[in-house]
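In terms of the numbering used here, the sequence shown opens at residue 1 and continues consecutively. Here a beta-carbon is modelled for each residue, glycine too, at the ideal position from N, C-alpha and C. Computed from a prediction, not measured in an experiment: that's the story for all the values here.
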Amino acid sequence: MKNSLVLVTVGVVNNGVVHFVGTGFCVSKNKVVTASHVLRGLIGDLIVSPKVEIKDFSDYQDETQDEFLCIPAKIIEDDPFKDLSILEAEIQIDFNKPLVTGLDGMKITETVAIYGFPHCSNSCRKILTYQTAIVGAKTLLLSDGIKSKHAVLNMQARPGQSGSPVISTTDGSIVGVLVGAYIRKGAELITIADMTPGDFNQTTYCVSSEYIKDML
């Protein structure tokens with residue numbers, strides 16, 4: 001039976017050591033979408049790692065896992081203004097191409113589903129996690145003079161979840177890509193006990209998935 005959603009962790013291999021930085025998802029057999037910001041400043045060989053360790057989502061996942069299927073990847077499209085990147089990787093998994101729509105049809109108070117790998121950047125904790133959130137607002141965010149469509153989700157994202165698909169629970173389409181908490185310019189330089197102000201935000205932003213289509 002084909003899957004309609006293939007999730008991966010995105011990371012690098014440096015001197016034989018794997019380090020994950022975020023979440024990604026397949027939009028074709030060789031193209032993976034993730035958040036652009038997780039790829040900045042990486043040192044090592046870029047890889048993606050599909051979640052092949054479990055046969056059923058309800059299976060127990062081993063937090064101590066330290067060996068992973070790593071597939072070489074490369075960046076083929078990058079849009080830092082909308083915080084989206086397209087990677088190319090030969091992932092040999094049979095799946096149906098997911099429906100990618102966008103935020104235009106979403107209503108405030110609607111529920112969305114998020115699949116991702118929270119804390120995967122901490123000791124390669126590759127635990128695929130399902131969450132739901134309420135759409136709290138739709139907004140236009142400005143980045144270097146370019147406005148793009150975003151939604152505010154009533155949830156607190158954790159490191160490693162950037163790049164997660166945001167899915168309509170009504171029709172199952174991918175409406176957004178999780179990009180993280182809002183942090184005002186300059187606040188990212190502040191740390192409190194190794195945490196930034198964004199770590200305390202109780203809301204999270206996702207960018208409209210419609211922009212993916214222009215990058216494929």
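Assuming residue i is part of the alpha helix (DSSP H), what are its boundary residues?
i       : result
Lys-29  : Looking at the DSSP string, Lys-29 is not in any alpha helix (DSSP H), and its letter there is neither H nor E.
Asp-210 : Reading the sequence as shown, one finds Glu at residue 210 and not Asp. 210 to 215 is the span of the alpha helix (DSSP H), which, as asked, contains Glu-210.
Considering only their Cβ atoms, is the gap separating residue j from residue i smaller than 8 angstroms?
i       : j       : result
Pro-80  : Val-27  : no
Gly-116 : Ser-164 : yes
Leu-84  : Ile-212 : yes
Phe-20  : Ser-162 : no
Ser-208 : Gly-41  : no
Val-6   : Gly-22  : no
Ile-108 : Val-135 : yes
Val-33  : Val-177 : yes
Ser-218 : Lys-51  : No statement about residue 218 is possible, as the shown extent of the chain runs from 1 to 216 and does not include it.
Met-155 : Thr-204 : yes
Met-215 : Ile-86  : yes
Ser-36  : Asn-96  : no
DSSP on residue i, reduced to helix/strand/coil?
i       : result
His-119 : coil
Asp-56  : coil
Glu-110 : coil
Val-6   : coil
Leu-103 : coil
Leu-39  : helix
Asn-14  : strand
Leu-46  : strand
Ile-71  : strand
Thr-203 : coil
Met-195 : Confidence at Met-195 is low in this model, with a pLDDT of 48, below 50, so its placement is unreliable and no value can be given for it.
Thr-34  : strand
Thr-23  : strand
Since residue i is in the beta strand (DSSP E), which residue starts that stretch and which ends it?
i       : result
Glu-274 : Nothing about residue 274 can be reported from this structure: the residues present for the chain run from 1 to 216 only.
Lys-51  : Careful: Lys-51 lies outside any beta strand (DSSP E) and carries neither H nor E.
Lys-74  : 74 to 79
Whose CA, out of the options, lies closest to the CA of residue i?
i       : options                            : result
Thr-170 : Leu-141, Thr-132, Cys-206          : Thr-132
Asp-56  : Lys-138, Gly-11, Val-207, Thr-129  : Thr-129
Ile-91  : Pro-72, Val-100, Gly-105           : Pro-72
Ser-58  : Ile-127, Met-215, Thr-139          : Ile-127
Asn-14  : Ile-54, Gly-44, Val-179, Ser-143   : Gly-44
His-150 : Gly-160, Arg-158, Ser-173, Ala-181 : Ala-181
Gly-160 : Pro-118, Ile-76, Gly-145           : Pro-118
Every unbroken beta strand (DSSP E) inside the segment 122 to 193 [3 residues or more] = 129 to 143, 146 to 153, 165 to 168, 174 to 180
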